[in-house]
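First to last, the sequence lines map onto chains A and B.
Heads up, the final residue of the first sequence is numbered 94 in this note's numbering, and it's a clean run with no missing numbers.
Heads up, the final residue of the second sequence is numbered 137 in this note's numbering, and it's a clean run with no missing numbers.
Scroll down for the structure; my scribbles are underneath it.
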Amino acid sequence: MAVTITIPTALRQYAAGKATVVLEADNVGALLRGLVEQHPTLGKHLFGEDGRLRSFVNVYVGDEDIRYLAGEATPLQAGETVSIIPAIAGGTR
Amino acid sequence: MLTFNATSAAQLAAHAEATYPDECVGLLLGRLEADHKTVLAIYQAENRWAGQVTLAANDDPTSRRDRFYLDPRDYLRADRAARAQDLEVVGVYHSHPDYPAIPSERDRVGAQAIGGPSFAFVIQSVRAGRAAELAAWLLVDEGARFEQEEMTVWP
Chain A
2 MAVTITIPTA LRQYAAGKAT VVLEADNVGA LLRGLVEQHP TLGKHLFGED GRLRSFVNVY
62 VGDEDIRYLA GEATPLQAGE TVSIIPAIAG GTR
Chain B
-17 MLTFNATSAA QLAAHAEATY PDECVGLLLG RLEADHKTVL AIYQAENRWA GQVTLAANDD
43 PTSRRDRFYL DPRDYLRADR AARAQDLEVV GVYHSHPDYP AIPSERDRVG AQAIGGPSFA
103 FVIQSVRAGR AAELAAWLLV DEGARFEQEE MTVWP
């Protein structure tokens, strides 16, 4: 089923400048793998060396963080929007 | 190149003064043409730092005076607010209370190599409660360093 995935501005340089990508996938893991297949350089920004989603990278299905759903096994419905959202932190001292 | 409209720059300065002596954080909404970013609005987020990530050995989970955390849920809200106005998130801002508008090593670690030419890191320095200099930076070399970006504010 076709699902829309939104790419944050800071990662679009690794996705041929695209703001959204539409892919066929039944769950979040398959969707992310499909995205990385199309745009390989996105891979190291999304996944750590252990193959797991990096801690600063968050994936939302609608309004829900997949960490509070079924992670990469979270099922997707046709027409759903999946968002990749970075966390950003910093500090002076 | 980053261009601010004067209203957004003034709102950003006011946000940084309002949270002083704590750091503030928010997102820059605007238009992106090639790598030229025009900021037309800001999205004021809450500094939700509570030690969610490790930035340095001396992290204090209670200190928002020298740490900030932009929660991804706030980023998602800002992204939706931007799209509703036919704008995009073109960068992030935070304040440096009594510290120059130069990115720190914690800022570099906390950006997690997610940056590049289309995403600005703007820093508002605040001294003794009053907004001081504003500067824009780009995260370059795969996240290895920040480079200052040319910035203008138009009236």
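Note that CB positions come from ideal geometry on N, CA and C, so glycine has one too.
In this text, all values refer to a predicted model and were calculated from it rather than measured experimentally.
- Message: So residue 53(B) contacts chain A; which residues on that side make the cut at Cβ distance below 8 angstroms?
- Response: Residues of chain A passing the Cβ test: 88.
- Query: For the 8 angstroms Cβ check, are there 3 or more pairs between the stretch 88 to 98 of chain B and the stretch -12 to 3 of chain B?
  - Reply: No, the stretch 88 to 98 of chain B does not touch the stretch -12 to 3 of chain B.
- Neighbourhood of residue 76(A) by C-beta, 7 angstroms cutoff - its chain only, sequence neighbours within 5 removed: By the criterion of a C-beta distance shorter than 7 angstroms, residue 76(A) is surrounded in its chain by 27, 28, once the five residues flanking it on both sides are discounted.
- Cutoff 6 angstroms; reference residue 125(B); Cβ partners in own chain excluding five residues on either side: Close CB contacts of residue 125(B) within its chain, under the 6 angstroms cut and outside five residues either way in sequence, are with 95 (chain order).
- Message: Using only the alpha-carbon positions, how far apart do residue -13(B) and residue 2(A) sit?
- Response: In this structure, the CA atom of residue -13(B) is about 42 angstroms from the CA atom of residue 2(A).
- Task: Taking 8 angstroms as the threshold, find out whether the stretch 53 to 69 of chain B comes into contact with the stretch 12 to 32 of chain B through three or more Cβ pairs.
- Result: A contact exists between the stretch 53 to 69 of chain B and the stretch 12 to 32 of chain B.
- C-beta contact flag for residue -16(B) and residue 19(B) at 9 angstroms: A Cβ-Cβ contact shorter than 9 angstroms links residue -16(B) with residue 19(B).
- When Cβ atoms are compared, which residues of the stretch 35 to 51 of chain A fall closer than 7 angstroms to chain B? Residues of the stretch 35 to 51 of chain A with a C-beta less than 7 angstroms from any C-beta of chain B: 46, listed in chain order.
- Using the C-alpha atoms, what's the distance from residue 80(B) back to residue 9(A)? A straight-line Cα-Cα distance of about 31 angstroms links residue 9(A) and residue 80(B).
- At which residue ranges does the stretch 20 to 92 of chain B contain complete beta strand (DSSP E) runs of 3 or more residues, listed in the order of the chain? With a minimum length of 3 residues, the continuous beta strand (DSSP E) runs that stay inside the stretch 20 to 92 of chain B are 50 to 52, 70 to 79.
- Rounded to a whole number of angstroms, what is the C-alpha to C-alpha distance between residue 108(B) and residue 18(A)? About 35 angstroms.
- For the stretch 31 to 69 of chain A, which segments carrying the alpha helix (DSSP H) assignment without a break, of at least 4 residues, lie completely within its bounds, in sequence order? For the alpha helix (DSSP H) assignment, the uninterrupted runs of no fewer than 4 residues enclosed by the stretch 31 to 69 of chain A are, from N- to C-terminal side, 44 to 47.
- Query: Quick one, which residues of the stretch 96 to 108 of chain B are near chain A if we go by CB-CB under 8 angstroms, in chain order?
  - Reply: Contact annotation: in the stretch 96 to 108 of chain B, residues whose CB is within less than 8 angstroms of a CB in chain A are 96, 97, 98, 99, 100, 101.
- Item | Collapsed DSSP secondary structure at residue 73(A) in the structure displayed | Three-state DSSP puts residue 73(A) in a helix.
- Query: Alpha carbon to alpha carbon, how far is residue 101(B) from residue 52(A)?
  - Reply: Answer to the nearest angstrom: the Cα atoms are 26 angstroms apart.
- Item | Neighbour list for residue 48(B) in chain A, Cβ cutoff strictly below 9 angstroms | Simply 92, 93, 94.
- Message: Using a Cβ-Cβ cutoff of 7 angstroms, what residues of the stretch 77 to 90 of chain B are near chain A? List them in chain order.
- Response: Against chain A - using a Cβ distance shorter than 7 angstroms - the residues of the stretch 77 to 90 of chain B are 78, 81, 86, 88, 89.
- Looking at the unbroken beta strand (DSSP E) that takes in residue 117(B), where does it start and where does it end? That run of the beta strand (DSSP E) goes 112 to 122.
- Which one or two residues does DSSP pair with residue -3(B) in a beta bridge? Bridge partners of residue -3(B) according to DSSP: none are assigned.
- Task: Give the secondary structure of residue 100(B) by DSSP, where H, G and I count as helix, E and B as strand, and everything else as coil.
- Result: Here residue 100(B) sits in coil by DSSP.
- Query: Can you list the residues of chain B that residue 69(A) reaches, using a CB-CB cut of under 8 angstroms?
  - Reply: Ordered by position in chain B, no residue passes the 8 angstroms Cβ test against residue 69(A), which lies about 11 angstroms from the chain.
- Item | First through last residue of the beta strand (DSSP E) which encompasses residue 3(A) | That run of the beta strand (DSSP E) goes 3 to 7.
- In the DSSP assignment, find the beta strand (DSSP E) that holds residue 130(B) and state where it starts and stops. Boundaries of the beta strand (DSSP E) harbouring residue 130(B): 127 to 131, taken from the DSSP string.
- Put residue -11(B) into one of helix, strand or coil per three-state DSSP. If DSSP states are grouped into helix, strand and coil, residue -11(B) belongs with the helices.
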